[in-house]
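Visitor:
Protein chains: 2
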Amino acid sequence: MNEQIVKDIMNLIESSSDCVSCSVDENGFPNAKVMFKAENEGIRNIWFSTNLSAIRTQQWLKNPKASVYFRKSDEFFGLNLTGRIRVHTDNETKQRFWKQGDEQYYPLGVTDPDYCVLCFTSENGNCYKAGEKYTFSLGNNINLTTYKYDNKWIPEQTIENKYL
Amino acid sequence: MNEQIVKDIMNLIESSSDCVSCSVDENGFPNAKVMFKAENEGIRNIWFSTNLSAIRTQQWLKNPKASVYFRKSDEFFGLNLTGRIRVHTDNETKQRFWKQGDEQYYPLGVTDPDYCVLCFTSENGNCYKAGEKYTFSLGNNINLTTYKYDNKWIPEQTIENKYL
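Put into C-alpha cells, the structure is as follows:
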C-alpha cells in the first residue's frame with residue numbers, strides 16, 4: 011500500500027500538465043496561480059517557464075518558499091508539495107526550456123528579459139487519496155506517514171521508502 | 011469592460027463547487043488543498059465545512075492569512091483572492107451549514123467536535139482572463155486595476171466599482 015501511494019504520487023505529477031503554485035507575499039499572505047509544468051525530475055524538481063514581471067515570480071525572488079498542488083478530481087486525489095523555488099534568468103537554462111510557440115508570450119525570443127525559468131524543489135508533502143491521508147518528507151529517500159481517522163486524524167506509522 | 015470582469019469574477023465564484031485554498035504553515039511555507047465551497051456571499055465571504063483536526067484548519071487557527079483560488083480552465087480564467095479565515099466551532103454556525111450526508115465525514119453528527127466551519131473574508135485579489143490581467147482590493151467597493159503587457163506587465167488604470 012505504501013509503495014503504491016508513492017507510485018501514485020509519481021504518476022499524478024508525471025501525467026499532470028499543470029498545477030496550482032503558491033507563493034507568500036510581502037504581507038505574509040499566500041497567493042495561488044495555475045502554472046503549466048514544463049518538466050519534472052520525479053517528485054524532486056518541477057520546472058516552469060514564466061514571466062519575470064509576474065506578481066508571483068517577483069514574490070519568489072524575495073521569498074523562495076512555495077507549494078505546488080496537483081489533483082485528480084475523479085479519484086479524490088490531491089497532492090500538496092512544499093519547498094523552494096529558484097528563479098533562473100541565465101540564457102543556458104532559458105534555452106533549455108524554450109519551446110516553439112513561446113514567442114507569443116515572449117515576443118523578443120529566448121533572450122527576452124521577461125522570460126525566465128522556475129525550478130521548484132520539494133522538501134515535504136501531504137496527500138489525500140480516496141479518503142486516506144498521508145504526509146511525507148524528502149531526504150535521500152521518502153519518509154511516508156500514514157494516518158487513520160478515529161474521531162480525528164491520527165498518525166499511524168512512518169515508513170522509509172526508496173522510490174524517488 | 012471593467013464592469014464585465016467584476017461580473018465574471020462573481021459568476022466564477024457562484025458557479026464553482028470547489029476551489030484550492032491555501033494556508034501558511036509554522037515554517038512560513040504555503041500549503042494548498044481543494045475544498046468544497048459550502049456558500050458564498052458575493053466575493054466577500056466564502057464558507058467551508060471541514061475537519062477541525064485537518065492540517066490546514068490547525069494552521070489557520072495559528073495564522074488566519076489565507077488565499078482561495080478559483081479557475082475555469084476552458085476560458086483561461088484564474089482568480090486568486092487573499093484574506094483571512096476564521097474557524098467557527100459554535101453549534102449555531104455548525105447547525106447552519108450541516109447537510110444531509112455529512113454524517114459520513116463526522117460520525118458523531120452536527121455536534122461532532124471534529125466538525126467545524128471556516129469563513130474566508132476577501133481583502134485583495136488578482137485574476138487573469140483570456141490574456142488580460144487585473145488586480146483589485148476590497149473596501150466598501152472594489153478598486154480594480156487593469157494591466158497592459160509591453161515587454162512586461164504594467165499597471166494601466168484603476169477604477170472604483172460598486173459591484174460587490
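Going down the list, the protein sequences come from chains C and V.
All letters in the first sequence, in the order written, are residues 11 to 174 by our numbering.
All letters in the second sequence, in the order written, are residues 11 to 174 by our numbering.
Here a beta-carbon is modelled for each residue, glycine too, at the ideal position from N, C-alpha and C.
(1) Give me the chain C residues within the contact set of isoleucine 65/V, using Cβ-Cβ distance strictly less than 7 Å, ordered along the chain.
(2) DSSP state of isoleucine 152/C, grouped into three classes?
(3) So asparagine 73/C and threonine 67/C are supposed to be a Cβ contact under 8 Å. How far apart are they, rounded?
(4) Is the Cβ of phenylalanine 39/C closer than 8 Å to any Cβ of chain V?
(5) Buried or exposed, going by whether 16 or more other CB atoms sit within 10 Å of the CB of glycine 88/C?
(6) Is glutamate 13/V closer than 8 Å to asparagine 171/V when the C-beta atoms are compared?
(7) Sort Gly149/C, Asn161/C and Gln167/C by Cα distance to valine 155/C and report the nearest one.
(8) Any Cβ of chain C within less than 8 Å of the Cβ of glycine 172/V?
(9) Cβ atoms of asparagine 90/V and alanine 42/C: under 8 Å apart, would you say?
(10) Which residues, in order along the segment 73–101 of chain V, keep a beta-carbon less than 7 Å from a beta-carbon of chain C?
(11) Cβ atoms of serine 33/V and proline 40/C: under 8 Å apart, would you say?
(12) From which residue to which residue does the alpha helix (DSSP H) around lysine 17/C run?
(13) Alanine 42/V touches chain C at which residues, Cβ-Cβ below 7 Å?
(14) Nearest-angstrom Cα distance between leucine 118/C and phenylalanine 80/V?
(15) Enumerate, from N- to C-terminal direction, the unbroken alpha helix (DSSP H) stretches of 4 or more residues contained entirely within the segment 66–99 of chain C.
(16) Under 8 Å, do lysine 47/C and serine 77/C count as touching if we go by C-beta distance?
(17) Taking the C-alpha atoms as reference points, what is the distance between asparagine 55/V and asparagine 150/V?
(18) Of all the residues that make up the segment 119–134 of chain V, which are near chain C by a beta-carbon distance shorter than 9 Å?
(19) Does the CB of lysine 47/C have a neighbour CB from chain V at under 8 Å?
(20) Relative to the C-alpha of asparagine 37/C, which residue among Pro123/V, Gly93/V, Tyr125/V and Leu128/V is closest?
(21) Going along the chain, which unbroken runs of the beta strand (DSSP E) with 3 or more residues stay wholly within the segment 109–145 of chain C?
(22) Closest Cβ-Cβ distance between tryptophan 70/V and chain C: below 8 Å?
(23) Alpha carbon to alpha carbon, how far is tyrosine 144/C from tryptophan 163/C?
Guide: Result, derived from the coordinates:
(1) Asn136
(2) strand
(3) The pair is not a contact, with the Cβ atoms about 12 Å apart (cut-off 8 Å).
(4) Answer yes: the Cβ-Cβ gap between phenylalanine 39/C and chain V drops below 8 Å somewhere.
(5) buried
(6) yes
(7) Rather than valine, the amino acid found at residue 155/C in this sequence is threonine. The residue with the shortest Cα to Cα distance from threonine 155/C is Gln167/C.
(8) It is lysine, not glycine, that sits at residue 172/V in the sequence shown. Cβ-Cβ to chain C under 8 Å: no for lysine 172/V.
(9) yes
(10) Lys75, Ala76, Ser77, Tyr79, Arg81, Gly88, Asn90 and Thr92
(11) yes
(12) 12–25 is the span of the alpha helix (DSSP H), which, as asked, contains lysine 17/C.
(13) Val30, Cys32, Ala42, Ser77, Tyr79 and Asn90
(14) 31 Å
(15) none
(16) No. Outside cutoff.
(17) The straight-line gap separating the alpha-carbon atoms of asparagine 55/V and asparagine 150/V is approximately 14 Å.
(18) Listed by position along the chain: Asp122, Pro123, Asp124, Glu133 and Asn134.
(19) By this cut-off, lysine 47/C is not an interface position.
(20) Gly93/V
(21) 125–139
(22) Not one chain C Cβ lies under 8 Å of tryptophan 70/V.
(23) 10 Å
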